[in-house]
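First the structure, in the form of structure tokens, and then the observations on it.
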Amino acid sequence: MAEAEAIHVRPPEPIVITVCRAHNLVQYSDTDRVSKCGSQLNMRGSKGDAVNVMVKVEFNEKVLGETPKVDCSPDVPAEFNFSTTLNCTYEDPLALDEIAHKPVVLTVIEVMPKERRQKEEKTSTLGQCTLDLLPLVKGETNYRYTLVINPTPGSPLEAIPAENPRPELDVMLSVNEALLDEQQIKDGNLLTITVESLFSPPDSWQLTGQQFYYSAALPVPCNSEDPTEKKEMLVVFPGGQLKLGADKELPNKQKKWAVPGSAVGNSIFIPDSVIASDPVEDEDGDFKDKGDRDHRHLSESEKMRITWNTERRCYLENAAVKGFQDSVAKTRYWPIEIFRFPQPAGGKGKKLTSKLKDEEGTISYHGVAFLNLAPLLYPGVKRIRGAFKVLPYTDHLLHEKSKRKAGIGEEALRLSLNQLNRSSASPAPKKAGKEKAEAEKKDAKKGASGKESGAKGKFQFQSLGSAVMRLASNTLKSDTGSEIDGQVPVNVEGQQYADSKSYIMIDICLTRPLVPKRPPEELARRVAELIPPRPAFPKRTDSADKAVEDYHCQIAGVASLLLEEFREMFGEDQGTGEPQTNEVMEGRRQKLMYHLNSSGKYFSFKEQLKHSVIKIVREKYLKTTNFDDRQQLQTFLSELYVYLVDQMHQSLNKVLQIEDQPPIPPPLTTNAQLKHFAREAEVNKNFDLATKYYQERIIREESNADNWFDFGTFCLYTNNVSKAEECFHKCISINQRHMDGLMLNGVVCTLAERNEAAETFFEAATNVDPKNILAWTMLGLFYDTISNDIGAEMAYLEANKLNIGQAASIARDEEQEKEKKEKEKAERAEKDGEATDTPQVEGDEELMIGSSEGGLSVPALDIKQPTPVGERTPFSARSSNIKGEKRNSAGKRASAVKLASPESPQKGGSANSAKSAANSKGSAINRRISVGSIVPPLSAGKSLTPSRPGSQLKEPARGTPVVGEAEAQEELPPREPTPIPAMSIYMQAVDWLLEVKAVPFTEQALAHELLTTPSGKTPAYHIATARVKLQKEEYEEAEQSLNDALQVEHQNPDGWALMGHVKYLNGDNHAARECYQRTLSFVTDATETHSIYLRLASIYLQDGEYQQAKQTFLMACKKSPSCVSWLGVGIACYRLGELGEAEDALMEANILNNSDPEVWGYLSLVCLRTARKVEAEQSYKHAVKLQLQDAALLNEIHAEQKKATFGNPEF
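Following this note's numbering, the numbering of the sequence shown begins with 3 at its first residue and continues without gaps.
Written out as structure tokens, the structure reads:
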């Protein structure tokens, strides 16, 4: 019983195919549209206008049924209303796969009337159409089609003019229950493989001479009766056609059925299914780099090609989907084998197979392309398409790339022959009467072989099943050669694929991604769960104390308004000095009350207090219902009045004073200044002072997410990871879309090995700004940390794509700005030319006319700008000779500079001017190339990463391919160089990570930069490494890296600045001084100069060069003043004896930071020198109170106090 329950299979589900009616089969000719008489345009019976037609329904080359014969005319469509069934059996695991990729062929047949002495009716095939059963696999239960009837060769339907309506057939599909339930649809998937064309085939292939079949084959996962067993089946594409390069492909190429059955002509095309053409930048194949563009353009426009344009669908159940996903994750590469085999010189049908079997080594030019299916494991990716390189096939290469032991050559050849045999042996339409007789005759002749024939028919379908993981045990000798003694085999014929740089275009698509991508809403919810957002306003707490507090606030507000009214009315009387008698005061009170009542402000103030009084009644006295007794109401009102008056007096006593309080002065330092002071304290290793500045920023603006973020980076620098995480959490709770906060939360979680939370934060960052290069790079670095190679590859590809797009945008903006300037110059030159020509032609009308026509080209030569010396490089000269750039530049200049007319003798001068402009543009382009910066985009005015145009393609009429458009295609414009980003994605990440002090991720990004840079370690890499070593206080390694960088770029200001810091921190002040001086002498400033000024000036102070120290400190104050810089100025001036300037500088320092004990100490010295006793004592008290630690400064102060006999309260 248990086995019976386990083997329970759903009974077969009948698919009902209903042929409803046919339209436009018979049409009037042009003359008959007016007269309504005469012969019909497509077909007609021999006796009258009616045509007798029927429809034959076939699936998998088996006839499902024939409709009754129906008459139709131009005014009456053919009403068939015929239904037939096709059973979907669930016992066979490949049944749904058959339904997904095989069409139902509908053949429209005309039945001729019987002639005299004719025993049987003659038939003629008019056309065919194919019915797609795919909607049933997707869960539909009813689906209606209106299919275009494609004429068969020699059919009267071919004579229909293009402007006439096409013949159509209405068909309906229906099932009682869906073929797949919701769970099966959710767990299963539909794999669609489209093999388009093989470009740049071996040069030895020719259209003349012996003809060949061209086939492509690959294994795909398939459904199995045992869910735990992983099986594969072979899918072959045997219908490749060798075409010339002059035979252009149509822009909207229709896809063909992989197994068209008995369909012929245009019926082999899948209705409403075209091949989309994507930009090269969006492809996933091999030939998409900038160096391969010219080869691809040449191969696709001039060379021969093999064209399939065939689509094969494979339905995968849950087990097959998981097996496919596991296989891709393990090997990444999926092989597709390409080969050719000869066509027989004669013979058809069954003889074809026997002839080919007699030949040895029929497979030739055996190649293999390895499809990198790893992008299908990227979250949310359902489709990959690209040009994949074809390599010579060997078992060794196959095993190395895909871990498969043997190829599929023999099995693929057998299946190709099977399919070609069926298609070539399909009989031509015969007379209706003879079809049954011949069938009966054949059956009688076979006799008992009927069972054998049935078994063979079953084997044809099982040939796929038997091919399930039955790969050829021995590949042909001509393909692989010998593998004796461990030698790598050589495939001589297949090597021609590599020599010709052949590639095959393949499109693989799934109905749903293998790895679903979390939607932005879910990521936002996960982030909110990890870090709840802070409410915009604090929650209101309604209590008795809160009600009284609100009443006090309202009283204070009304009191201030009353005071303003009083001052407006009697403010002038207050300054007269008249005695304030009771009569005068009472008069003013009455006037005020009258003004308040008459203006309505009294009622306004009362309404303002009303709400707070109601809250007191409800919250303090708990009165929320009406009073039943009037006496109780009066008693309550009396108590309330007394209480409110008492509270009013308390509130007025708090807020009203005899004299107005001075306003609170605004802070003297801004938020940006405090951040600068904190960074300065970090550099000076004064972490307590830096903490104070960061905390002061937070106190001032607690709801500013940037303040919390900056404090978190400082805590990360001081290795206080827990405090840093708390700050980043505060940052995200304030702003859930804070990009830097999300990424650093991910960094902190990664350091704490909370990988799931880290992934959520990094993914959320990419969803907040999908075009952020840094976010994708950080996601890739995180995936590298957890060894998710496929995820890292996906993130890096997206980051590089965005980086190139950004470079293209910058180059485009630069080009537009350059063209704008050139246009303005040309317009100014045009005006100057007119002004110059006017006095020469005055009084001569003919001369004036000639000048107006052609005189503008002369100034164009005069305004030509000489090429700068820096642009005259070999690269610029070579670039200016590129024809495409010349043509584009000249075309653009033509819109800016008005050329002379053909009659003008100065036409050549204008042309030379345009040519020089083109050359200058070319040199400017290559100047950017030579320095590794940004170059112009691929095509002017077009984005580098446009959306895929597949959805925007205009489809041709259903079932009918468009022909005759290849000649109208224009040649593509010359391609401009691909933009080169100024900085790689890893160096962009390194700069940001160094700024936020995330050292572990910085080292990882530097490792990637080293691996991906062709030239090895660059100066930028060495400098970034030195910055990392400085943060880790590894000064020897930092110095070594800087030496390596400065050997290559000895004029790099950042390198010399960092070298100075290393020397300064090591105590070598003399070497540090030289490095700092060299840095400041360069034309280009270093990235950060404030610390250079401070440290160089401090070295001058130590060396006793006070004038130099003063000037250097003043330069620091000019760029970014701080307490430390002004203190340095004050110390230098004090040592120089400039006491007035010293005091001014120290006062500036005190304003910026009044808690610096050293500032107070030097102020005390200045006051002692200027004999100001009180100020000297106060300054000294503050210095001691703030715990001045400088022993030398304290001794100097004490000596000056003894010398002046004052300044110390202890004296």
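All C-beta atoms, glycine included, are put in the ideal place defined by N, C-alpha and C.
Cβ shell of N83 (< 8 Å), same chain only, five flanking positions each side left out | Here residue 83 refers to the residue found at position 81 when the sequence shown is read from its first residue. Counting only Cβ-Cβ distances below 8 Å, and skipping sequence neighbours, we find T20, V21, C22, R23.
Check whether the segment 168–177 touches the segment 191–208, counting contact only when three or more Cβ pairs, one atom from each stretch, lie closer than 8 Å.
-> No, the segment 168–177 does not touch the segment 191–208.
Excluding the 5 residues preceding and the 5 following Y1095 in the sequence, name in chain order all residues of the same chain whose CB lies nearer than 6 Å to its CB.
-> Here residue 1095 is taken as the residue at index 1093 of the sequence shown, counted from 1. T1114, M1117, A1118, listed in sequence order.
Boundaries (first-last residue) of the beta strand (DSSP E) holding R295 | Mapped onto the sequence shown, residue 295 falls at position 293. Element bounds for R295: not the beta strand (DSSP E) but the alpha helix (DSSP H), 295–303.
Kindly confirm or deny that the segment 327–336 and the segment 147–165 touch, where touching means at least three C-beta pairs closer than 8 Å.
-> No contact exists between the segment 327–336 and the segment 147–165.
Just the Cα atoms here: how many angstroms apart are V370 and K827?
-> As a working mapping, residue 370 is identified with position 368 in the sequence shown. As a working mapping, residue 827 is identified with position 825 in the sequence shown. Cα to Cα, the separation comes out at about 58 Å.
Whole angstroms is fine: what's the gap from V619's alpha carbon to A558's?
-> Against the sequence shown, residue 619 aligns to sequence position 617. Against the sequence shown, residue 558 aligns to sequence position 556. Distance between the alpha carbons of V619 and A558 is about 20 Å.
For the beta strand (DSSP E) holding V113, just list the boundary residues, first then last.
-> Your numbering for residue 113 matches position 111 in the sequence shown. Run containing V113: 106–113, per the beta strand (DSSP E) assignment.
Extent of the continuous alpha helix (DSSP H) to which F716 belongs | For the purposes of this step, residue 716 is taken as the residue at position 714 of the sequence shown. Segment 707–719, the alpha helix (DSSP H) holding F716.
DSSP-derived helix/strand/coil call for V72 | Numbered from 1 along the sequence shown, position 70 holds the residue referred to as residue 72. Reduced to three states, the DSSP call for V72 is strand.
8 Å contact criterion, which L74 and V55 should meet: CB distance rounded | The count along the sequence shown starts at 1 and reaches residue 74 at position 72. The count along the sequence shown starts at 1 and reaches residue 55 at position 53. Here the sequence assigns Cys to residue 74, which means Leu is not the residue at that position. Between C74 and V55 a beta carbon distance of about 6 Å is seen, short of the 8 Å cut, so the two are scored as contacting.
Are the segment 1127–1147 and the segment 1166–1178 in contact at 8 Å, needing three or more beta carbon pairs?
-> Judged by Cβ distances under 8 Å, the segment 1127–1147 makes contact with the segment 1166–1178, as three or more pairs qualify.
Between I700, Q1079, A680, which lies nearest to C729 when the distance is taken from Cα to Cα?
-> Here residue 729 refers to the residue found at position 727 when the sequence shown is read from its first residue. Measuring from the Cα of C729, the nearest candidate turns out to be I700.
Identity of the residue in M507, P13, P667 nearest E1233 by Cα | Nothing can be reported for residue 1233, as the shown portion of the chain is limited to 3 through 1213.
Taking only runs that begin and end inside the segment 638–711, name each unbroken alpha helix (DSSP H) of 4 or more residues, in chain order.
-> Listed in chain order, they are 673–685, 689–702.
Shorter than 8 Å from the beta carbon of K384 to some beta carbon of chain C?
-> Checking the listed chains, one finds no chain C in this structure; it contains a single protein chain.
To which residues does DSSP link S366 through a beta bridge?
-> If you number the sequence shown from 1, residue 366 lands on position 364. Paired residue(s): R342.
When you compare only the Cα positions, how much space is there between T1014 and N493?
-> What you label residue 1014 is simply residue 1012 of the sequence shown in a count that begins at 1. What you label residue 493 is simply residue 491 of the sequence shown in a count that begins at 1. If I take the Cα positions, the gap works out to 32 Å.
Count the other CB atoms, across all protein chains shown, that sit within 10 Å of the CB of H401; report buried if there are 16 or more and exposed otherwise.
-> Here residue 401 refers to the residue found at position 399 when the sequence shown is read from its first residue. Around the beta carbon of H401, fewer than 16 other beta carbons lie within 10 angstroms, which makes this residue exposed.
Leaving out five residues before and five after Y719 in sequence, what residues of the same chain have Cβ atoms less than 6 Å from its Cβ?
-> Along the sequence shown, read from residue 1 onward, the residue named residue 719 stands at position 717. Listed in chain order, the non-local C-beta contacts of Y719 below 6 Å within the same chain comprise K999, local neighbours out to five positions each way being set aside.
Opposite G67 in the DSSP bridges: which residues?
-> Translated into positions along the sequence shown, residue 67 becomes position 65. For G67, which the question treats as bridged, DSSP gives the partners V59.
Integer Cβ distance of A549 from K656, believed to fall under 8 Å | Indexing the sequence shown from 1 puts residue 549 at position 547. Indexing the sequence shown from 1 puts residue 656 at position 654. With a contact defined as Cβ atoms closer than 8 Å, A549 and K656 miss out at about 17 Å.
For my contact list, V276 and K257 are in at a C-beta cut-off of 8 Å; report their separation, rounded to the angstrom.
-> Position 274 of the sequence shown, counted from the first residue, corresponds to residue 276. Position 255 of the sequence shown, counted from the first residue, corresponds to residue 257. Beta-carbon to beta-carbon, V276 and K257 are separated by about 7 Å, close enough to satisfy the 8 Å threshold.
Which of helix, strand or coil does DSSP assign to V383?
-> Start at 1 with the first residue of the sequence shown, and residue 383 comes out as number 381. If DSSP states are grouped into helix, strand and coil, V383 belongs with coil.
For L1082, which residues from the same chain have a beta carbon less than 6 Å from its beta carbon, with the 5 sequence-adjacent residues on both sides left out?
-> One-based indexing of the sequence shown puts residue 1082 at position 1080. Same-chain partners within the cutoff: there are none.
Can you tell me whether C90 is buried or exposed, with buried defined as 16 or more other CB within 10 angstroms of its CB?
-> Position 88 of the sequence shown, counted from the start, is the residue given in the question as residue 90. It is buried - the Cβ of C90 has at least 16 other Cβ atoms within 10 Å.
If you draw a straight line from the C-alpha of P1055 to the C-alpha of S1093, how long is it?
-> By one-based count along the sequence shown, residue 1055 stands at place 1053. By one-based count along the sequence shown, residue 1093 stands at place 1091. For the pair P1055 and S1093, the Cα-to-Cα distance works out to about 14 Å.
Would you mind working out which of P1021, D1070, Q1079, V560 sits nearest L1051, comparing C-alpha positions?
-> If you number the sequence shown from 1, residue 1051 lands on position 1049. Note that residue 1051 is Glu in the sequence shown here, rather than Leu. Nearest C-alpha to E1051: P1021.
Nearest-angstrom Cα separation, counted from L1165 out to K773 = Taking the sequence shown and counting its residues from 1, the one referred to as residue 773 is at position 771. Taking the sequence shown and counting its residues from 1, the one referred to as residue 1165 is at position 1163. Distance between the alpha carbons of K773 and L1165: 54 Å.
Endpoints, the beta strand (DSSP E) within which D993 is located | Reading the sequence shown from its first residue, position 991 is the one you call residue 993. Premise fails: D993 lies in the alpha helix (DSSP H), 987–998, not in any beta strand (DSSP E).
Could you pull the start and end residues of the alpha helix (DSSP H) that R514 belongs to?
-> Within the sequence shown, numbered from 1, the residue matching residue 514 stands at position 512. No residue range can be given for R514, since it is assigned to no alpha helix (DSSP H) and is classified by DSSP as neither H nor E.
If you run the structure through DSSP and keep just helix, strand and coil, what is G1139?
-> Your numbering for residue 1139 matches position 1137 in the sequence shown. Looking at G1139 - three-state DSSP - the assignment turns out to be coil, as it is neither helix nor strand.
Identify the residues that DSSP records as bridge partners of D172: which are they?
-> Residue numbering aside, residue 172 sits at position 170 when the sequence shown is read from its first letter. D172 is bridged to R23, T148.
If we ignore side chains and look at the alpha-carbon of each, how far apart do E832 and K292 end up?
-> Here the question's residue 832 lines up with position 830 in the sequence shown. Here the question's residue 292 lines up with position 290 in the sequence shown. Going from the Cα of E832 to the Cα of K292 covers about 40 Å.
Given E313 as reference, the closest of T194, S502, A767 once Cα atoms are compared = For the purposes of this step, residue 313 is taken as the residue at position 311 of the sequence shown. That would be T194, whose Cα lies nearest to the Cα of E313.
From G1062 to D708, what distance separates their C-alpha atoms?
-> Numbered from 1 along the sequence shown, position 1060 holds the residue referred to as residue 1062. Numbered from 1 along the sequence shown, position 706 holds the residue referred to as residue 708. The alpha-carbon atoms of G1062 and D708 are separated by roughly 31 Å.
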